[in-house]
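**Student:** I am attaching a structure below and will ask some questions about it afterwards.
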Amino acid sequence: MLSRVAESIYWMARYVERAENLARFIDVTLNLILDQPAGSDSQWRPLVSTTGDDEYFAKNYGEATAESVIQFLTSDKKYPNSIVSSLRAARENARTVRESISSEAWEQLNEFYHFVNSSATDQARFASPSEFFRSVKQHAHLFHGILDATMSRDKGWHFANLGRLMERADKTSRILDVKYFALLPSVNDVGTTIDDLGWSAVLRSVSGFEMYRKRFRGLSVRRVVEFLILDREFPRAVQYCLMGADWSLHEVVGSPVGSYRNLAERRLGSLKSELAFADIELIIERGLHEFIDNLQTKLNSVSEGIHESFFAMRPIEKTA
Numbered sequence: 000m001l002s003r004v005a006e007s008i009y010w011m012a013r014y015v016e017r018a019e020n021l022a023r024f025i026d027v028t029l030n031l032i033l034d035q036p037a038g039s040d041s042q043w044r045p046l047v048s049t050t051g052d053d054e055y056f057a058k059n060y061g062e063a064t065a066e067s068v069i070q071f072l073t074s075d076k077k078y079p080n081s082i083v084s085s086l087r088a089a090r091e092n093a094r095t096v097r098e099s100i101s102s103e104a105w106e107q108l109n110e111f112y113h114f115v116n117s118s119a120t121d122q123a124r125f126a127s128p129s130e131f132f133r134s135v136k137q138h139a140h141l142f143h144g145i146l147d148a149t150m151s152r153d154k155g156w157h158f159a160n161l162g163r164l165m166e167r168a169d170k171t172s173r174i175l176d177v178k179y180f181a182l183l184p185s186v187n188d189v190g191t192t193i194d195d196l197g198w199s200a201v202l203r204s205v206s207g208f209e210m211y212r213k214r215f216r217g218l219s220v221r222r223v224v225e226f227l228i229l230d231r232e233f234p235r236a237v238q239y240c241l242m243g244a245d246w247s248l249h250e251v252v253g254s255p256v257g258s259y260r261n262l263a264e265r266r267l268g269s270l271k272s273e274l275a276f277a278d279i280e281l282i283i284e285r286g287l288h289e290f291i292d293n294l295q296t297k298l299n300s301v302s303e304g305i306h307e308s309f310f311a312m313r314p315i316e317k318t319a
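Using numbering that gives the first Met the number 0, read the sequence shown as starting at 0 and increasing by one per residue.
Now the structure itself:
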């Protein structure tokens, strides 16, 4: 497979996953504000901070209100990581490799993009934002479902799966980080109903509330963090995502699981092993934010390794 084709498929799937997770970020905050009488616009600022683009936001929007943050993350066509921009990039990547994906997947992605693009100028969206973000998530689910149901499990599908799972692992960790900084109004609320509402919202934001309750009875920081980072069976847990990404990476290369032939395999294998032996008590004791910050740095390193190993390939120079 040409590296150009592989890169387009990888980023197509990754951008769709990014759009879906942005919708989840916003929806969980909307639900928390509805559930908490003490909720205020101050809870929107952390969503901007997680993007790392505070300077752009301050220059173009100023104060972090519900309307400004939703517009920034949803419909700002100049901001490259908004939902509409992510889907535009996903669609463009898919357009260049239409012969490598099914027509059904292309049609769904095209419909998804036009739905969000037309909504970008529709003020009615702000009257019922939860319904809009629910539709974004459903469109993303449908795209991934069609992709899985219509693509052969060849290198193309594995690159799509790799992109999807790397993005999902990153965004699950960021949702946890948002909770750590903002969703709990006060230290005095730890263990109270307000605290439970916050952690319930985080679990619902990744569609994990029911699966969590099957595993654990009560809500606690320790258990939620363990479930969303270290669980090997829940499909949005970081560890599960890394295991799936590692499998697809080895399928692309053709190397046995456990062997490492390139930079991407080494970095991903190292991070997967680190989480496999992680202790939840130490994570909480040493600081959840510090752990997540380090995790995100390593996820970025893996992504760079994927780029260097497959997409930044240079022609071999001929020797005299």
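Heads up, the beta-carbon is just placed ideally off N, CA and C, and yes, glycines get one too.
What residue from 110, 99, 253 and 135 has the CA that sits closest to residue 330's CA?
**Tutor:** No answer is possible for residue 330: it lies beyond the span of the chain, which begins at 0 and ends at 319.
**Student:** If I'm right that residue 11 touches residue 92 with Cβ under 8 Å, what's the distance once you round it to whole angstroms?
**Tutor:** Their Cβ separation, rounded to whole angstroms, is 4 Å, which keeps residue 11 and residue 92 in contact under 8 Å.
**Student:** For residue 49, is the classification buried or exposed, using 16 other Cβ atoms within 10 angstroms of its Cβ as the cut-off for buried?
**Tutor:** Buried is the call here.
**Student:** For residue 169, which option in 272, 207, 46 and 240 has the closest C-alpha, if you only look at C-alpha atoms?
**Tutor:** Among 272, 207, 46 and 240, the Cα nearest to that of residue 169 belongs to 240.
**Student:** Between the beta-carbon of residue 18 and the beta-carbon of residue 86, is there less than 7 Å?
**Tutor:** Yes, these two residues count as a Cβ contact at 7 Å.
**Student:** Look at the alpha carbon of residue 133 and the alpha carbon of residue 31, and state the distance between them as a whole number of angstroms.
**Tutor:** Straight-line Cα distance between these residues: approximately 16 Å.
**Student:** Does at least one heavy atom of the ligand SAM sit under 6 Å from the Cβ of residue 304?
**Tutor:** With respect to the ligand SAM, the structure shown offers nothing to examine, as it has no ligands at all.
**Student:** To the nearest angstrom, how far is it from the Cα of residue 163 to the Cα of residue 145?
**Tutor:** Taking the straight line joining both Cα atoms gives about 14 Å.
**Student:** Between 205, 54 and 106, which has its C-alpha nearest residue 172's C-alpha?
**Tutor:** Closest option to residue 172, Cα to Cα, is 205.
**Student:** Residue 164 lies in the alpha helix (DSSP H); which residues open and close that run?
**Tutor:** Start and end: 154-177.
**Student:** I'd like to know if the segment 251-269 and the segment 222-237 are in contact, where contact means that at least 3 CB-CB pairs between them fall below 8 Å.
**Tutor:** The segment 251-269, when compared against the segment 222-237, does not touch it at the 8 Å Cβ threshold.
**Student:** Return the chain-ordered list of same chain residues with a C-beta closer than 7 Å to the C-beta of residue 248, the five sequence neighbours on each side being excluded.
**Tutor:** Hits under 7 Å: 161, 263, 264 and 267.
**Student:** To the nearest angstrom, how far is the alpha carbon of residue 28 from that of residue 43?
**Tutor:** One C-alpha to the other measures close to 7 Å.
**Student:** Where in the segment 95-148 do unbroken runs of the alpha helix (DSSP H), each at least 4 residues long, occur, reported from the N-terminal end onward?
**Tutor:** Listed in chain order, they are 102-118.
**Student:** In three-state terms, what does DSSP make of residue 311?
**Tutor:** In the structure shown, residue 311 sits in coil (DSSP, three-state: anything other than H, G, I, E or B).
**Student:** What does the alpha-carbon distance come out to for the pair residue 22 and residue 55?
**Tutor:** Distance between the alpha carbons of residue 22 and residue 55: 20 Å.
**Student:** Please name the residue, chosen from 4, 60, 306 and 308, that lies closest to residue 154 on a Cα-to-Cα basis.
**Tutor:** When only C-alpha atoms are compared, the closest one is 4.
**Student:** Counting along the chain, where does the alpha helix (DSSP H) carrying residue 278 start and finish?
**Tutor:** Element bounds for residue 278: n/a, residue is neither H nor E.
**Student:** Starting from residue 287, trace the alpha helix (DSSP H) in both directions and tell me its first and last residue.
**Tutor:** Where residue 287 is concerned, the enclosing alpha helix (DSSP H) stretches over 287-305.
**Student:** Could you check the C-alpha separation between residue 148 and residue 141 for me, to the nearest Å?
**Tutor:** If I take the Cα positions, the gap works out to 10 Å.
**Student:** So residue 8 and residue 72 are in contact, right, with Cβ under 8 Å, and what is the actual spacing, rounded?
**Tutor:** At roughly 25 Å, the Cβ-Cβ gap does not stay under 8 Å, so residue 8 and residue 72 are not in contact.
**Student:** Helix, strand or coil for residue 218, going by three-state DSSP, please let me know.
**Tutor:** In this structure, residue 218 counts as coil in the three-state DSSP scheme.
**Student:** Does the Cβ-Cβ distance between residue 359 and residue 245 come in under 7 Å?
**Tutor:** Since the first residue shown for the chain is 0 and the last is 319, residue 359 is missing from the structure and cannot be characterised.
**Student:** Do residue 119 and residue 96 count as a contact pair if the criterion is CB distance below 7 Å?
**Tutor:** No, they are not a contact pair.
**Student:** Can you tell me whether residue 79 is helix, strand or coil according to DSSP?
**Tutor:** In the structure shown, residue 79 sits in coil (DSSP, three-state: anything other than H, G, I, E or B).
**Student:** Return yes when the Cβ of residue 294 is within less than 7 Å of the Cβ of residue 238, no when it is not.
**Tutor:** Not in contact: residue 238 and residue 294 (Cβ atoms no closer than 7 Å).
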